[in-house]
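Just so you know, we're using the numbering used here here: the sequence shown kicks off at 85 and counts up by one. Where is the CB? At the ideal position from N, CA and C, for every residue including glycine. Values in this document were obtained by computation on a predicted structure and should not be read as measured data. Here the structure is laid out as C-alpha cells; the discussion comes afterwards.
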Amino acid sequence: MARRIDYSARYTHSTEQVYAALTNRDYWEARIEELRKYSDNRVESLEIGDDGIDLVLHHIIPRDSLPDIAQTVMKKDMVITRKEHYSPFGEPVTGTYHASIPAGPGSLTGTMSLFSTDTGCTLRTSSEAKVFIPFVGGKLEQVMLVNLVDLFRTEAQVTADWLAKQ
Numbered sequence: 085m086a087r088r089i090d091y092s093a094r095y096t097h098s099t100e101q102v103y104a105a106l107t108n109r110d111y112w113e114a115r116i117e118e119l120r121k122y123s124d125n126r127v128e129s130l131e132i133g134d135d136g137i138d139l140v141l142h143h144i145i146p147r148d149s150l151p152d153i154a155q156t157v158m159k160k161d162m163v164i165t166r167k168e169h170y171s172p173f174g175e176p177v178t179g180t181y182h183a184s185i186p187a188g189p190g191s192l193t194g195t196m197s198l199f200s201t202d203t204g205c206t207l208r209t210s211s212e213a214k215v216f217i218p219f220v221g222g223k224l225e226q227v228m229l230v231n232l233v234d235l236f237r238t239e240a241q242v243t244a245d246w247l248a249k250q
C-alpha cells in the first residue's frame, strides 16, 4: 500500500519570480550546493523550452547514512535520479517528478503546483511512496516521506534565500 504526503513551500515572492528561478541554472546549482553538505549531488541536465522545464538531478546517499531499516534493503550507497518537469508559465504552473533508485524496492513520484497567494505564492508538492517488500514496506515508505519533507524544507529555504539575493 502506498503512502502519501503533501508539502507546501510558501514564498513572499511572486509566481513569476519563483518560476524564473526554476529556469535559472545558477539557482539549481545553489540548491545542489546546499545538498552537497549532506551527500554527493549534481544537476545532470536542465532544459527550458516551449513545453516548460525539464530537470534531472542525481543524489547519492552513503549507505551508512541511511536509517537501519533502509540499510537492510540497500546493500550499496543509494543512488537517486530525480526527474522533474514543470509546465510553461501560467496560473498555476503544474509539474511532476519521479525519483528512481536502481535495485530499489519501490518508487517515489509526485506532482507540483505553483500558484499565487495573497502574500506571494506557494509551491505545493504531493508525493507518493511505494515499497514492494512485505512487512517492512510501510515502515520504509514512512521513512522515505519523512526524509523527503526534510529535503523539501531545505530546498524551500535555499529558494527563499536565493530569491532574496536577486
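Contacts around F173, its chain only, beta-carbon distance under 6 Å, and the 5 residues preceding and following it disregarded: Y103
Element boundaries [beta strand (DSSP E), containing N125]: Unbroken beta strand (DSSP E) run through N125: D124 to G133.
Residue interval of the beta strand (DSSP E) (run including G179): V177 to S184
For G204, the three-state DSSP class (helix, strand or coil): Judged by DSSP in its simplified three-state form, G204 adopts strand.
Where K238 sits in the DSSP three-state scheme: It should be noted that the sequence gives Thr, not Lys, for residue 238. Three-state DSSP puts T238 in a helix.
Beta bridge counterpart(s) of R87 as assigned by DSSP: The partner list for R87 (beta bridge, DSSP) reads A213.
Selection from A154, S129 and S92 that minimises the alpha carbon distance to A187: A154
Expected contact under 8 Å - CB spacing of P189 and V157 to nearest Å: Between the beta-carbon of P189 and that of V157 there is about 6 Å, and that keeps the pair under the 8 Å contact cut.
Within-8 Å CB hit, Y95 to chain D: The displayed structure is made up of one protein chain only, and chain D is not part of it.
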